[in-house]
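Peer 1:
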């Protein structure tokens, strides 16, 4: 199979009900509805302000279960904010990858595959919202980072994916990227 | 909501297990997994020769539950084959629409909505395979139609859709098309 290759550096789960912040785990079990126990798990979700085709709260197919961010773009956001690091957990990422400069520009329909195991479908950029900025400001102590996060994270904040093939994903795996 | 509008002329179900041919019904109840009782119903399906990213038979997310064809393109295929009609049932269509000249060219990601009721996501062209050609030749009596179907139906055989919002679709409904 031809394609870009991405290293899976770490995987995470958001299993604390009161927060979108994730915590690092050894592996994530990816099912059609997402990661069981993760706050974004579910075959259906409520339409929100990003999905203007439906009244807010309408139950629609959930295609934003898995959030992936790149180490290169975490570094870029940190540089732009003038802080030493942006941790994937603060952005609610489920997967940290490395190996592609402009990962967030991956087009919808691209596949991310661990051949023989897992298949994810890129559903597009994870549009930055204000909440991770608040976490970054609190954790880094950089006054004003919250207000600047949305602008600086644009096209760098990673992608959301839906699940095509169920399986377990682990740090150390290699994801093959196949463009649509 | 701005967009093209399509008239739903008829709806169909493939509920005869031995055949992909559909039969006309008054309404179809569209769930996340498709139309209960239809042969393409299911949240998962086996990967086939159209989906080369996975070994044949791998269980993957099903995004081909609803097949939609246009009256205009049925007419075009019939003209090309030199027969009086191509019935949507022979192509295994679930929905017959009218109102758009080149319906099959609708891009993946386009939405087809009955506002307040149903939401479908265009997953792209339904690539013609040989089987409907055999039905057309048998039903129309036009010798040789089977062999010519795949070529003549290309980019005219309608689209497949996945389900974004569950609901009931009826003949007489209007579908609003929203481009991605």
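Protein chains in written order, with the working numbering: chain A, 445 to 624; chain B, 445 to 624. Cβ coordinates follow ideal geometry from the N, Cα and C atoms, glycine included.
Can you list, in chain order, the residues of its chain with a C-beta nearer than 6 Å to that of residue 578 (chain B)? Leave out the 5 residues immediately preceding and following it.
Peer 2: Here residue 578 (chain B) refers to the residue found at position 134 of the second chain. Same-chain partners within the cutoff: 590.
Peer 1: Do the region 562-582 of chain B and the region 527-542 of chain B touch if we need at least three Cβ pairs shorter than 8 Å?
Peer 2: They touch, by the three-pair rule.
Peer 1: Any chance you could list the alpha helix (DSSP H) runs of at least 4 consecutive residues sitting entirely within the region 541-565 of chain B, in chain order?
Peer 2: You should have found no qualifying run.
Peer 1: DSSP three-state label for residue 445 (chain B), please.
Peer 2: Position 1 of the second chain, counting from 1, holds the residue named residue 445 (chain B). With a pLDDT of only 48 at residue 445 (chain B), under the threshold of 50, the placement of this residue in the model should not be trusted; the figure read from the coordinates follows. Coil, per DSSP.
Peer 1: Can you tell which of B:453, B:595 and B:506 has its C-alpha closest to the C-alpha of residue 495 (chain B)?
Peer 2: Residue mapping note: residue 495 (chain B) aligns to position 51 of the second chain, counting from 1. Among B:453, B:595 and B:506, the Cα nearest to that of residue 495 (chain B) is on B:506.
Peer 1: Distance, Cα to Cα, residue 600 (chain A) vs residue 616 (chain A)?
Peer 2: Here residue 600 (chain A) corresponds to residue number 156 of the first chain, with the count starting at 1. Here residue 616 (chain A) corresponds to residue number 172 of the first chain, with the count starting at 1. Rounded to whole angstroms, residue 600 (chain A) to residue 616 (chain A) spans 23 Å at the Cα level.
Peer 1: Got a sec, what are the start and stop residues for the alpha helix (DSSP H) residue 584 (chain B) sits in?
Peer 2: One-based indexing of the second chain puts residue 584 (chain B) at position 140. Per DSSP, residue 584 (chain B) belongs to the alpha helix (DSSP H) from 574-584.
Peer 1: Exposed or buried, what is residue 460 (chain B) when buried is set at 16 or more other beta-carbons lying within 10 Å of its beta-carbon?
Peer 2: Translated into the one-based positions of the second chain, residue 460 (chain B) becomes position 16. With fewer than 16 Cβ atoms within 10 Å of its Cβ, residue 460 (chain B) is classed as exposed.
Peer 1: What are the boundary residues of the alpha helix (DSSP H) that residue 523 (chain A) is part of?
Peer 2: Indexing the first chain from 1 puts residue 523 (chain A) at position 79. Counting along the chain, the alpha helix (DSSP H) containing residue 523 (chain A) begins and ends at 515-525.
Peer 1: Could you check if residue 445 (chain A) is buried or exposed, using at least 16 other CB atoms within 10 Å of its CB as the buried criterion?
Peer 2: Position 1 of the first chain, counting from 1, holds the residue named residue 445 (chain A). Confidence in residue 445 (chain A) is poor, its pLDDT being 48 and thus under 50, which makes the residue's placement too unreliable to answer from.
Peer 1: DSSP state of residue 533 (chain A), grouped into three classes?
Peer 2: Along the first chain, read from residue 1 onward, the residue named residue 533 (chain A) stands at position 89. If DSSP states are grouped into helix, strand and coil, residue 533 (chain A) belongs with the helices.
Peer 1: If contact means a Cβ-Cβ distance below 8 Å, which residues of the region 522-551 of chain A contact chain B?
Peer 2: So the list is empty, because no residue satisfies the distance condition.
Peer 1: If I'm right that residue 415 (chain A) touches residue 609 (chain A) with Cβ under 8 Å, what's the distance once you round it to whole angstroms?
Peer 2: Past the boundaries of the shown model lies residue 415 (chain A); chain A is included only from 445 to 624, so the question cannot be answered.
Peer 1: If we ignore side chains and look at the alpha-carbon of each, how far apart do residue 594 (chain B) and residue 464 (chain B) end up?
Peer 2: In the second chain, residue 594 (chain B) corresponds to position 150, counting from 1. In the second chain, residue 464 (chain B) corresponds to position 20, counting from 1. If I take the Cα positions, the gap works out to 16 Å.
Peer 1: What is the rounded straight-line gap between the Cα of residue 476 (chain A) and the Cα of residue 544 (chain B)?
Peer 2: Residue mapping note: residue 476 (chain A) aligns to position 32 of the first chain, counting from 1. Residue mapping note: residue 544 (chain B) aligns to position 100 of the second chain, counting from 1. Rounded to whole angstroms, residue 476 (chain A) to residue 544 (chain B) spans 34 Å at the Cα level.
Peer 1: Using a cut-off of 8 Å between C-beta atoms, extract the partners of residue 505 (chain A) located in chain B.
Peer 2: As a working mapping, residue 505 (chain A) is identified with position 61 in the first chain. Residues of chain B passing the Cβ test: 476, 565, 606, 607, 608 and 609.
Peer 1: Could you work out which residues of chain B lie near residue 487 (chain A), taking near to mean beta carbons separated by less than 8 Å?
Peer 2: In the first chain, counting from the first residue as 1, residue 487 (chain A) sits at position 43. Within chain B, the residues near residue 487 (chain A) are 476 and 487.
Peer 1: Using a Cβ-Cβ distance cut-off of 7 Å, determine whether residue 556 (chain A) contacts chain B.
Peer 2: Taking the first residue of the first chain as 1, we reach residue 556 (chain A) at position 112. So, not an interface residue.
Peer 1: Could you compute how far the alpha carbon of residue 567 (chain B) sits from the alpha carbon of residue 606 (chain B)?
Peer 2: On the second chain, residue 567 (chain B) is found 123 positions in, with the first residue counted as 1. On the second chain, residue 606 (chain B) is found 162 positions in, with the first residue counted as 1. Approximately 7 Å between the Cα atoms of the pair.
Peer 1: Is it right to say residue 467 (chain A) is buried, meaning 16 or more other beta carbons lie within 10 angstroms of its own, or is it exposed?
Peer 2: As a position in the first chain, residue 467 (chain A) is number 23, starting the count at 1. Looking at its Cβ environment, which holds fewer than 16 other Cβ atoms inside 10 Å, residue 467 (chain A) is exposed.
Peer 1: Please say whether residue 613 (chain B) and residue 472 (chain B) have beta carbons closer to each other than 7 Å?
Peer 2: Taking the first residue of the second chain as 1, we reach residue 472 (chain B) at position 28. Taking the first residue of the second chain as 1, we reach residue 613 (chain B) at position 169. Against a cut-off of 7 Å, the Cβ pair of residue 613 (chain B) and residue 472 (chain B) comes out as a contact.
Peer 1: 7 Å is my cut-off, CB to CB: does residue 497 (chain B) come that close to chain A?
Peer 2: In the second chain, the residue the question calls residue 497 (chain B) occupies position 53. Chain A, which has a Cβ nearer than 7 Å to the Cβ of residue 497 (chain B), makes this yes.
Peer 1: What does residue 553 (chain B) reach in chain A if we use C-beta pairs closer than 7 Å?
Peer 2: Start at 1 with the first residue of the second chain, and residue 553 (chain B) comes out as number 109. Here the neighbours are 552.
Peer 1: When the Cα atoms are used, what is the spatial distance from residue 490 (chain A) to residue 502 (chain A)?
Peer 2: Start at 1 with the first residue of the first chain, and residue 490 (chain A) comes out as number 46. Start at 1 with the first residue of the first chain, and residue 502 (chain A) comes out as number 58. Looking at the two C-alpha atoms, the distance is approximately 5 Å.
Peer 1: Which residue from B:524, B:551 and B:554 puts its Cα closest to that of residue 586 (chain B)?
Peer 2: Counting from one through the second chain, the residue named residue 586 (chain B) turns up at place 142. Answer by Cα proximity: B:524.
Peer 1: Which residues of chain A have a Cβ atom closer than 9 Å to the Cβ of residue 622 (chain B), listed in chain order?
Peer 2: In the second chain, the residue the question calls residue 622 (chain B) occupies position 178. 497, listed in chain order.
Peer 1: In the DSSP assignment, find the alpha helix (DSSP H) that holds residue 591 (chain A) and state where it starts and stops.
Peer 2: Position 147 of the first chain holds residue 591 (chain A). Counting along the chain, the alpha helix (DSSP H) containing residue 591 (chain A) begins and ends at 589-597.
Peer 1: Could you tell me whether the Cβ atoms of residue 451 (chain A) and residue 542 (chain A) are closer together than 7 Å?
Peer 2: Mapped onto the first chain, residue 451 (chain A) falls at position 7. Mapped onto the first chain, residue 542 (chain A) falls at position 98. Yes; because the gap between Cβ atoms is below 7 Å, this pair is in contact.
Peer 1: Which stretch, first to last residue, makes up the beta strand (DSSP E) that contains residue 614 (chain B)?
Peer 2: Stepping through the second chain from its first residue, residue 614 (chain B) is reached at position 170. Here the beta strand (DSSP E) through residue 614 (chain B) covers 611-614.
Peer 1: What residue range is occupied by the uninterrupted beta strand (DSSP E) comprising residue 468 (chain A)?
Peer 2: Stepping through the first chain from its first residue, residue 468 (chain A) is reached at position 24. Residues 467-469.
Peer 1: Return the first residue and the last residue of the beta strand (DSSP E) that residue 489 (chain A) is part of.
Peer 2: Taking the first chain and counting its residues from 1, the one referred to as residue 489 (chain A) is at position 45. Where residue 489 (chain A) is concerned, the enclosing beta strand (DSSP E) stretches over 488-490.
Peer 1: Going straight from the alpha carbon of residue 395 (chain A) to that of residue 485 (chain A), what length do you get?
Peer 2: Because chain A spans 445 through 624 in this model, residue 395 (chain A) falls outside it and cannot be assessed.
Peer 1: Report the neighbours of residue 502 (chain A) on chain B: residues whose CB is nearer than 7 Å to its CB, in chain order.
Peer 2: Your numbering for residue 502 (chain A) matches position 58 in the first chain. Neighbours of residue 502 (chain A) on chain B, chain order: 609.
Peer 1: Using a 10 Å radius around the Cβ and a threshold of 16 neighbouring Cβ atoms, would you call residue 624 (chain B) buried or exposed?
Peer 2: As a working mapping, residue 624 (chain B) is identified with position 180 in the second chain. Label assigned to residue 624 (chain B): exposed.
Peer 1: To the nearest angstrom, how far is the alpha carbon of residue 597 (chain B) from that of residue 548 (chain B)?
Peer 2: Counting from 1 along the second chain, the entry for residue 597 (chain B) is found at position 153. Counting from 1 along the second chain, the entry for residue 548 (chain B) is found at position 104. Taking the straight line joining both Cα atoms gives about 10 Å.
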